Amino acid sequence: MRTLLNKLRKRGKDERGAALVEFAIMAVLLFSLLFGMVEYGWVFANNLDARHGAREAARLAAVNWGTSQAIANETCDRMDIQGGAIFTFSGGGGAVGTVGTVAIDIPYTPLVGLPFIPVPSNLKSQVEIRLEQNASQWTNGTVAPCP
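My numbering puts the first residue of the sequence shown at 2, with every later residue one more than the last.
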């Protein structure tokens with residue numbers, strides 16, 4: 002039994018460094034998988050922020066909170082965005098009960114930034130709303146950026 006263990010412990014000269022090479026190959030795959038999961042988690046989190054921003058802007062637009070730029074400014078403050086987001090309002094100027102749409106487009110900045118991990122350049126979300134008050138302060142087709 003001891004001789005078998007001694008034979009297993011001894012390595013020949015041709016096997017030196019084999020474990021290091023095997024680890025190097027597996028480490029590339031392992032870290033690529035790990036960084037890919039982190040990056041896609043970041044994409045999903047930012048996509049949820051875009052959806053939240055579109056819902057917030059739609060809610061403010063539904064109650065005729067102010068002009069389209071005022072709605073965009075308030076939504077950007079609530080989302081903690083430092084610029085880059087663009088809001089598009091359509092269906093405004095209508096009477097109570099008509100349908101309006103609010104869309105948001107946010108540029109996405111990769112967290113990890115590995116070139117072989119495909120990520121979107123922009124995150125977009127669109128929400129349809131029913132106007133609860135006359136939408137006289139924002140008009141159809143208005144585009145408002147974050148400050």
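From the three backbone atoms N, C-alpha and C, an ideal C-beta is built for every residue, glycine too.
Note that the structure is predicted; figures quoted are calculated from it, not measured.
Rounded to whole angstroms, what is the Cα-Cα separation between A96 and R131? Rounded to whole angstroms, A96 to R131 spans 10 angstroms at the Cα level.
Would you report the Cα separation of G98 and A59, rounded to the nearest angstrom? Between G98 and A59, the C-alpha separation is close to 14 angstroms.
Give me the residue from F90, V113, N74 with the minimum Cα distance to V144. Cα-wise, what sits closest to V144 is F90.
Which of helix, strand or coil DSSP assigns to T122: The question names Thr, but residue 122 in the sequence shown is Ser. If DSSP states are grouped into helix, strand and coil, S122 belongs with coil.
So, helix, strand or coil for D106, using DSSP? Reduced to three states, the DSSP call for D106 is strand.
Could you tell me which of G92, F24, V113, I107 sits nearest to I82, measuring between CA atoms? Per the Cα distances, I107.
Does E57 pass the burial test, meaning 16 or more other C-beta atoms within 10 Å, or should it be called exposed? By the 16-neighbour rule on beta-carbons within 10 angstroms, E57 is buried.
Would you identify the three-state DSSP class for T99, choosing helix, strand or coil? The answer is coil: DSSP assigns T99 none of H, G, I, E or B.
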